[in-house]
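First comes the structure, then the notes that go with it.
Residue numbers (my numbering): 90 to 322.
What follows is the structure in structure tokens.
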């Protein structure tokens, strides 16, 4: 994937201003918590999918490394991440994943972690890179390359079992995709302060998510219907 170039907007941002650092305390916490959630989710998936345990544990280890990288980004700007905010931000997806795992609902687990959370992360990182400070840009460019491999695991696993999993994927999409739109609405103001526009985040997410659904086996009509689920929420 080609690296995104820094835009003029990045140079106009005051990374040390109070308003930037306040917004960054929540955005940075969200990416740290997102990587921590992913770490835990992949370890749980390793228990549920013993044949793929080695690959899933490797993905979990990668997510833990990402978390440490984003913690360093916060320290670089002398910002304390608001982790309570971030845990609440992810609480509904977190709860739905835990419920699905307890029920052995692999389609829902993979939709939440390997499709929704990974596509959300890729979109956010793609939009953030051009407006990031130099230190965070280098960290994020490395992370986003890894995230595509994580997305690929879920795509390939579900693709190989598409007919068996199709109804479960659609059900998980109906339950969880509306939460993503609410999350994007919730973070809109802070993201704007960091130079990230909601419309760009939504567009990039829909591209990533639509491509993932296509790779799994859904047709264009299905993808349009599934991608728009809860968009007006």
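Each residue gets a CB set at the ideal place from its N, CA and C atoms; glycine is no exception. Predicted model, so just to flag it, every value in this text is computed and none were measured.
Residue i burial status per 10 Å Cβ neighbour count (16 or more: buried)
i, result
"residue 139", "exposed"
"residue 205", "buried"
"residue 202", "buried"
"residue 125", "buried"
"residue 263", "exposed"
"residue 164", "exposed"
"residue 192", "exposed"
"residue 173", "exposed"
"residue 111", "exposed"
Under the three-state DSSP convention, the category residue i falls into
i, result
"residue 250", "coil"
"residue 306", "coil"
"residue 167", "coil"
"residue 180", "helix"
"residue 111", "helix"
"residue 103", "coil"
"residue 295", "helix"
"residue 283", "coil"
"residue 317", "coil"
"residue 257", "helix"
"residue 175", "helix"
"residue 158", "helix"
"residue 266", "helix"
"residue 193", "coil"
Through-space distance from residue j to residue i, alpha-carbon basis
i, j, result
"residue 152", "residue 243", "15 Å"
"residue 309", "residue 298", "12 Å"
"residue 150", "residue 182", "21 Å"
"residue 117", "residue 167", "12 Å"
"residue 258", "residue 275", "25 Å"
"residue 224", "residue 218", "11 Å"
"residue 254", "residue 260", "10 Å"
"residue 305", "residue 107", "44 Å"
"residue 185", "residue 101", "40 Å"
"residue 103", "residue 128", "32 Å"
Close Cβ partners of residue i (< 7 Å) along its chain, the five nearest in sequence each way excluded
i, result
"residue 293", "212, 215 and 216"
"residue 322", "A caution first: residue 322 carries a pLDDT of 47, below 50, which makes its placement in the model too unreliable to give a value."
Pair within 9 Å by beta-carbon distance, residue i and residue j
i, j, result
"residue 313", "residue 266", "no"
"residue 197", "residue 137", "no"
"residue 290", "residue 280", "yes"
"residue 285", "residue 209", "no"
Nonlocal neighbours in the same chain, by C-beta distance under 8 Å from residue i, ignoring five residues either side
i, result
"residue 228", "158, 159, 161 and 162"
Contacting residues, own chain, Cβ-Cβ under 6 Å from residue i (five flanking each side not counted)
i, result
"residue 295", "316"
"residue 156", "121, 124 and 125"
The ligand ZN heavy atom lying under 8 Å from the CB of residue i
i, result
"residue 132", "This structure does not include the ligand ZN; it has no bound ligands of any sort."
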